[in-house]
Amino acid sequence: MKQCIAQIPLPADEVYEIQKNHLVSGNGSKRICIVSGTHGDELEGQYVCFRLQELLRQYQDKWQGTVDIYPCLNPLGMDSITRGVPMFDLDMNRIFPGDPKGSMVEYIASCIMDDLTGADLVIDIHASNIYLREIPQIRINELQQDVLVPMGKWLNMDYIWVHSASTVLESTLAYSLNERHTPTLVVEMGVGMRITKAYGDQLCQGILNAMVQLGMMESMSLPVKKPIISTDGQVHFLNAVCAGLFLPNVRHDHRVLKGEVIGRIVHPLEGQVRHEVVSPCSGLLFTLREYPIVSEGSLMGRILECEG
Ligand SMILES: [Zn+2]
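Per the numbering used here, the sequence shown runs over residues 2 to 309.
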């Protein structure tokens, strides 16, 4: 059943409205929430919201409880292919927990928080941006790792990145919900403005497995990957030392060796290679630049140092 969780009039007769699909089966009291579209240019979660509902219909008599699906928390952004909230020039994931008496977007954020609070698990799906491609991964604040890492392992992702507390943004949806003791996992996968169907299918299997683990679904044999966890090694950032055109040499999600050439920064006018990008360590290349133009300092990749 479609439900409106926040509504506010826009200046020219239109309405800013956040909707969810509220699915209930049997008598179970558990609730899982699938959230996406905080950033209007990230579409990977749109496919997951669609595909998961197909699967839930297929397994209709095998699950119970509540599944709430919120495909689009920033509808104005999605309609206009804009990452932030248009008109406000605002990253929506920097205003949580919001304020019921605040500006329009703060009010909307507070309604979203109220609706999600108390769920047994919230999965907030992001898709990087148009510049970087990510393997299917979960990002967790180290302060919340004891609760979230075991749940993160349910989701069939390749990688769990536990961030140090100093880099954590306190105004995100996930941080604010976890502060309210509503366990929230942030998924990052794929690339902005595109859909990587295989990643979406992988996450849907993980969500079904999470429902099994929460006791919402009958046990079934689901292939669930054992993720690599970043606490096992250091993350290295590859930043461009000069401007130019970045041409990768390796495949994303590839394991690279120390000294291996990851790519080249070339100069189209001169026809010259300006810089060879060499891996500082052996490990998993979990982020790779998708957008070819780089300036000095641009991120080209991230590698988790690990053996094997
Ligand atoms: Zn995002």
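Even for Gly, the Cβ is constructed at its ideal location relative to N, Cα and C.
What's the call for residue i, buried or exposed, on a 16-neighbour Cβ count within 10 Å?
{"i": "C243", "result": "exposed"}
{"i": "P98", "result": "buried"}
{"i": "C5", "result": "exposed"}
{"i": "H127", "result": "buried"}
{"i": "A13", "result": "exposed"}
{"i": "Q145", "result": "buried"}
{"i": "D80", "result": "exposed"}
{"i": "E15", "result": "exposed"}
{"i": "Q297", "result": "Strictly speaking, residue 297 in this sequence is Glu, with Gln absent from that position. The residue is exposed, with fewer than 16 neighbouring Cβ atoms inside 10 Å."}
{"i": "R58", "result": "exposed"}
{"i": "K21", "result": "buried"}
{"i": "V279", "result": "exposed"}
{"i": "V188", "result": "buried"}
{"i": "M2", "result": "exposed"}
{"i": "I294", "result": "exposed"}
{"i": "S129", "result": "buried"}
Starting from residue i, trace the beta strand (DSSP E) both ways and give me its first and last residue.
{"i": "N22", "result": "V16 to S26"}
{"i": "C34", "result": "R32 to S37"}
{"i": "Y71", "result": "G66 to Y71"}
{"i": "I196", "result": "That residue, I196, is in no beta strand (DSSP E); it is neither H nor E in DSSP."}
{"i": "E277", "result": "Q273 to V279"}
{"i": "A241", "result": "Here A241 belongs to no beta strand (DSSP E), and DSSP marks it neither H nor E."}
In whole angstroms, what separates the C-alpha of residue i from that of residue j?
{"i": "H268", "j": "E277", "result": "12 Å"}
{"i": "V262", "j": "Q138", "result": "24 Å"}
{"i": "G207", "j": "N157", "result": "5 Å"}
{"i": "P228", "j": "C307", "result": "13 Å"}
{"i": "Q273", "j": "A241", "result": "16 Å"}
{"i": "E55", "j": "E180", "result": "32 Å"}
{"i": "S231", "j": "E143", "result": "11 Å"}
{"i": "R265", "j": "A199", "result": "28 Å"}
{"i": "S177", "j": "V68", "result": "21 Å"}
{"i": "H255", "j": "S299", "result": "21 Å"}
{"i": "S172", "j": "V106", "result": "13 Å"}
{"i": "I109", "j": "G191", "result": "27 Å"}
{"i": "D92", "j": "L77", "result": "12 Å"}
{"i": "M301", "j": "V25", "result": "44 Å"}
{"i": "H253", "j": "L286", "result": "6 Å"}
{"i": "D116", "j": "H23", "result": "11 Å"}
{"i": "M212", "j": "D159", "result": "19 Å"}
{"i": "V169", "j": "V163", "result": "10 Å"}
{"i": "G29", "j": "K63", "result": "12 Å"}
{"i": "T185", "j": "I124", "result": "6 Å"}
Going by Cα to Cα distance, which pick from the options is closest to residue i?
{"i": "I161", "options": "G27, V148, E180 and I141", "result": "I141"}
{"i": "I113", "options": "G272, I196 and G38", "result": "G38"}
{"i": "E271", "options": "V257, H253 and L246", "result": "L246"}
{"i": "S165", "options": "G119, G234 and L11", "result": "G234"}
{"i": "T183", "options": "L174, I82 and M190", "result": "L174"}
{"i": "G201", "options": "G46, V150 and K3", "result": "G46"}
{"i": "D310", "options": "M190, V295 and R84", "result": "Residue 310 is absent from the structure shown; the chain starts at 2 and stops at 309."}
{"i": "Y17", "options": "H23, L24, Q8 and V25", "result": "Q8"}
{"i": "L258", "options": "S283, L223, T118 and R32", "result": "S283"}
{"i": "V225", "options": "R195, L239, Q203 and V236", "result": "Q203"}
{"i": "M320", "options": "V36, K31 and H40", "result": "There is no way to answer for residue 320, as the model of the chain reaches only from 2 to 309."}
{"i": "L44", "options": "I96, T197 and I35", "result": "T197"}
{"i": "Q61", "options": "N94, L209 and D90", "result": "L209"}
{"i": "I33", "options": "C205, S222 and E297", "result": "C205"}
{"i": "G119", "options": "K31, A110 and V36", "result": "K31"}
{"i": "P87", "options": "V188, V148, L11 and F238", "result": "L11"}
{"i": "G27", "options": "V36, Q65, K3 and V188", "result": "Q65"}
{"i": "V36", "options": "D159, L223, N94 and F238", "result": "N94"}
{"i": "I304", "options": "R275, I294, F238 and G260", "result": "F238"}
Tell me where the alpha helix (DSSP H) around residue i begins and ends.
{"i": "I109", "result": "M105 to L117"}
{"i": "F51", "result": "E45 to Q59"}
{"i": "N142", "result": "Per DSSP, N142 belongs to no alpha helix (DSSP H); it is in the beta strand (DSSP E), L133 to N142."}
{"i": "G78", "result": "P76 to D80"}
{"i": "V86", "result": "From DSSP, V86 is part of no alpha helix (DSSP H); its letter is neither H nor E."}
- Task: Report yes or no: do the segment 287 to 299 and the segment 126 to 133 share at least 3 C-beta pairs separated by less than 8 Å?
- Result: These segments touch.
- Query: Between the segment 100 to 111 and the segment 48 to 65, do three or more beta carbon pairs fall short of 8 Å?
  - Reply: No, the segment 100 to 111 is not in contact with the segment 48 to 65.
- For the 8 Å Cβ check, are there 3 or more pairs between the segment 68 to 82 and the segment 148 to 155? Segments in contact, no.
- Query: Just checking, does the segment 212 to 228 make contact with the segment 247 to 259 on the three C-beta pairs under 8 Å criterion?
  - Reply: Contact check between the segment 212 to 228 and the segment 247 to 259: fewer than three CB pairs, one atom from each, fall below 8 Å, which does not count as touching.
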